[in-house]
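Worksheet: the structure to be examined is printed underneath.
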Amino acid sequence: MNSTTPGDSATREAATSLAGVETTARSLAEAAAEPVTGITGAQSLVRSLEAVGVEAVFGIPGGAILPAYDPLFDSRVRHVLVRHEQGAGHAATGYAQATGRVGVCMATSGPGATNLVTPLADAYMDSVPVVAITGQVPSGSIGTDAFQEADIRGITMPITKHNFLVTDADEIPQRIAEAFHLAATGRPGPVLVDIPKDVLQATTDFSWPPRLDLPGYKPTTRPHGKQVREAAALVAAARRPVLYVGGGVLKAQATAELAELAELTGAPVVTTLMARGAFPDSSPQHLGMPGMHGTVAAVTALQKSDLIVALGARFDDRVTGRLSSFAPEARVVHADIDPAEIGKNRKADVPIVGDARETIAELVVALRAEHEAGRTPDLTAWWAQLDRWRETYPLGYDWPEDGALSPQYVIERLGAIAGPDAVYAAGVGQHQMWAAQFIRYEKPGTWLNSGGLGTMGYAVPAAMGAKYGCPDTTVWAIDGDGCFQMTNQELATCAIEGIPVKVAVINNGNLGMVRQWQTLFYEGRYSNTKLHPVGEDGRPKPVRIPDFVALAEALGCVGLRCESRDDVDAVIEKAMAIDDAPVVIDFVVGHDAQVWPMVAAGASNDDIMAARDVRPVFGEGQV
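Residue numbering for the sequence shown follows our numbering, starting at 309 and increasing by one per position.
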C-alpha cells in the first residue's frame with residue numbers, strides 16, 4: 309500500500325484489526341501524545357510503547373539494550389525480569405495467545421537476541437502476534453564482529469513476519485507503530501525491531517501518532533462474494549461435508565460465527581491442535597481433533613468426506629498424513645487470510661482469501677440463500693456413519709499393568725477439577741497430546757501450545773505470560789519431565805513477580821514421545837531417552853534426579869507429589885486452593901503409556917491405529 313497518515317483508511321483498518329488483536333492500531337487512530345523535544349532514543353522507545361498500550365515487557369537487560377532500561381524504570385509499562393531470553397519470548401507468546409493482544413519481549417544484542425530465535429520461530433509457525441525489541445552494537449561497529457554482535461535481522465528474517473534495523477532515532481516511533489501494526493493485522497506473526505546502542509543514546513524529538521509507511525502491505529480481509537457463493541453452493545450440495553477448523557478462526561475471533569455456520573449446515577466439525585476451544589467439545593457436532601493423534605471419527609470423517617470446508621487451517625502434514633492419499637473424494641473450499649497457504653499443500657476447488665470472521669459471516673448469508681431456494685442437504689446417512697465411528701472408537705486408555713499412575717487419568721481429572729474456564733498451556737510430547745485429547749475445551753483462548761514448531765520448554769514461560777495477562781484466571785502448565793527441565797527456571801520469575809501459575813509435571817522418567825516411537829519403530833531399543841538414573845538391570849534407581857518437589861521449593865514455589873490414583877483429586881484440589889504462590893505437582897506416572905490413536909509419520913490416514921497392536925483400524929488402505 310502507499311504511505312499512510314494516522315487518520316486515513318489504512319490506519320482505521322489497523323484500528324479494527326481483523327486478526328482480532330487489540331494493539332497499536334487503536335492508539336494510532338484515537339490517542340495522541342504530547343510532543344517532546346530533546347529526549348533520547350531510548351526515551352522515545354519507551355514513550356512509543358506506552359502510546360501503543362503495552363502493558364508488560366518480558367525481558368533481560370544487557371549492554372546494548374541498557375539505555376532503554378533507564379526510562380523503563382519510570383514507565384507505566386511493567387517489565388518482567390525473566391531468567392532466560394527464551395522464557396521472555398515464550399511468555400510474550402503465551403500472553404498474546406491468552407489475551408488476544410500483542411506480546412512484547414526485549415533482549416540485548418548477540419546471545420540475548422539469538423536466545424529469542426526459538427520463541428520467534430515458534431510464534432511464526434503458530435501465527436502469534438509478538439514484537440521483539442533487541443539492542444544492537446553501535447552503528448559504527450556493525451559488521452566488525454564487535455563484542456556481542458550478531459546479525460539478528462539476517463538470522464530472524466525467515467522466522468519473522470518482518471523486521472527492522474533502526475538507524476535514526478527519529479524513526480523509532482514510526483518503526484514501533486509499524487511493528488505492532490504488522491504483528492496484529494492480516495495473518496498475525498512476530499516482528500523484530502533491532503536498535504543500535506548509539507541510536508538509543510542519540511537526541512531526538514518524540515511525536516505521536518507517527519506516519520505509517522508500509523508500501524505493498526494491505527492484507528485482504530473482505531472475501532470475494534462470488535467465491536463465497538460458490539462455496540455455499542458446494543456446501544448445499546454436499547452429502548459428506550466436514551468443517552475443518554484451524555487456528556485462524558481463533559486469531560480472527562470468529563468462534564461465534566463458526567457456531568452459527570455449524571448450526572446452519574448441520575455438518576460435523578473438527579478442530580486442529582491449534583484450534584482447540586474454537587468449537588465446544590460438548591457440542592454433538594464436534595468430532596474432536598484430526599491428525600496424527602486425533603480421534604478416529606475426526607480423521608476418518610475428513611478421509612471419507614466429499615467436501616472439506618477449511619477455515620483458517622493450512623493442511624499441514626500432521627493433519628493430512630501422506631498427502632497423496634488424503635481425502636481422495638473431497639472437493640475443497642479453502643478460506644484463509646494468507647493467500648500463500650491456499651493451494652500450497654492441497655488444491656482448492658474454491659479458494660477464498662479473507663479474514664475468517666468476515667468469510668464465515670458472509671458464508672452464512674450465502675448458505676441461507678441456498679436453503680431459501682430449497683437446496684438443503686440431507687446428512688442423515690453421513691451422521692449415522694459418523695456416530696458409528698464415534699461409538700466404536702472412543703478415546704480411552706488402559707491403566708499400567710504394574711499399578712503405576714495413569715498419565716491420561718491425571719490430565720483428565722485435572723481438566724475436570726480446574727474446569728473449562730481455566731487456561732491450559734502444554735509442553736510438547738505425549739502430555740501435550742493427552743491434554744488435547746482428555747481435557748474438554750469449551751471456550752476460545754483456553755488452550756495454549758506449541759503446534760507448528762513443537763518446542764519443548766514452551767509450557768512454563770507461556771503459562772507465566774498467560775497468567776500475567778489474565779490474572780484472575782486459573783492457569784495450568786501441563787509439562788513433561790523432559791520439557792520441564794528446559795525452562796523451569798522461570799518459576800523463580802513467577803515467584804518473585806507474583807505470578808501464581810500451577811504446573812502439573814507428568815513425570816514418566818523418559819522422553820515419552822520419543823520412547824513411544826522407539827517402542828513402535830525401533831524394536832524397543834531405548835537409546836538416550838531415559839531421564840532418571842538407571843541401574844545395570846535397566847530399572848530406575850530410587851534416587852530422584854532432580855527431585856521436582858525440592859526444586860520447586862528452591863525456586864520459591866509450593867512443591868507437591870502424587871503417585872497414587874487415590875490421591876490425584878486431593879492433590880489437584882490442594883493446588884487449586886493456593887493462590888499466593890506458584891505450585892508444582894510432581895505426578896509420578898507409568899513409564900510406558902502411549903498416545904492413541906496414531907497415524908504413523910508418512911502413513912496414510914487410512915491406516916490410523918487405535919491401539920498398540922499396530923494394526924490399522926479399518927484394514928490397510930481401507931476406510
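C-beta: ideal position from N, C-alpha, C; glycine also.
The bridge partners DSSP lists for A733 are L756 and A785. Taking C-alpha positions only, A664 is separated from F488 by approximately 21 Å. Here DSSP, grouped into helix, strand and coil, assigns L761 to coil.
Taken in chain order, the unbroken stretches of beta strand (DSSP E) that lie wholly in the stretch 425–492 and span 3 residues or more are 438–444 and 470–473. About 21 Å separates the beta carbons of N796 and H899, which is beyond the 8 Å limit, so they are not a contact pair.
DSSP places Y552 inside the beta strand (DSSP E), whose first and last residues are P549 to V553. Comparing alpha carbon positions, the residue from V658, A341, G402 and D476 closest to V365 is G402. Within its own chain, the residues whose Cβ lies closer than 6 Å to the Cβ of Q738, once the five positions on either side in sequence are excluded, are G820, M821 and V903, listed in chain order. Contact holds between the stretch 403–416 and the stretch 438–447, because three or more Cβ pairs, one in each stretch, are under 8 Å apart. Boundaries of the beta strand (DSSP E) around I660: V658 to V661.
Following the DSSP letters along the chain, one finds R626 inside the alpha helix (DSSP H) bounded by residues D625 to T628. Under the DSSP definition of a beta bridge, G596 partners with V578.
Nearest to G759 by alpha-carbon distance, out of R584, K849 and V425, is R584. Taking H470 as reference, the option from D710, E486 and A458 with the minimal CA-CA separation is E486. By the beta-carbon neighbour count (other beta carbons within 10 angstroms, threshold 16), A648 is exposed. Contact check for C778 against T407 passes: the beta carbons are separated by less than 8 Å. Listed as beta-bridge partners of V897 by DSSP are L713. Rounded to whole angstroms, the gap between the alpha carbons of V783 and A404 is 14 Å.
Boundaries cannot be given for L520, as no beta strand (DSSP E) includes it and DSSP labels it neither H nor E. The C-beta distance from G620 to D657 rounds to 18 Å, too long to meet the 8 Å contact threshold. The three-state reading of DSSP puts H642 in strand, counting E and B together. Rounded to whole angstroms, the separation of the alpha carbons of T345 and S449 is 28 Å. If you draw a straight line from the Cα of G556 to the Cα of A562, it comes to about 9 Å. Residue range A364 to G367 is occupied by the beta strand (DSSP E) that includes F366.
For H532, the three-state secondary structure derived from DSSP is coil. For T795, no pairing in a beta bridge is given by DSSP. If you look at E342, you'll find it in the beta strand (DSSP E) that goes A341 to T348. With the rule of 3 Cβ pairs closer than 8 Å, the stretch 491–499 does not count as touching the stretch 597–606. Per the coordinates, the alpha-carbon of I747 lies some 32 Å from the alpha-carbon of D686. If you draw a straight line from the Cα of T426 to the Cα of V578, it comes to about 29 Å. Distance check between Q509 and each of R547, P549 and A372 places A372 closest, using alpha-carbon atoms only. In the DSSP assignment, M884 falls within the unbroken alpha helix (DSSP H) covering V876 to M884.
The continuous beta strand (DSSP E) containing H387 extends over residues R386 to L389.
Between P531 and V661 the beta-carbon gap is near 7 Å, inside 8 Å, which marks them as a contact.
Nearest neighbour of A359 by Cα position, chosen from E457, T416 and W516, turns out to be W516.
The closest CA to that of V851, considering only V857, A744, P481 and P841, is found on P841.
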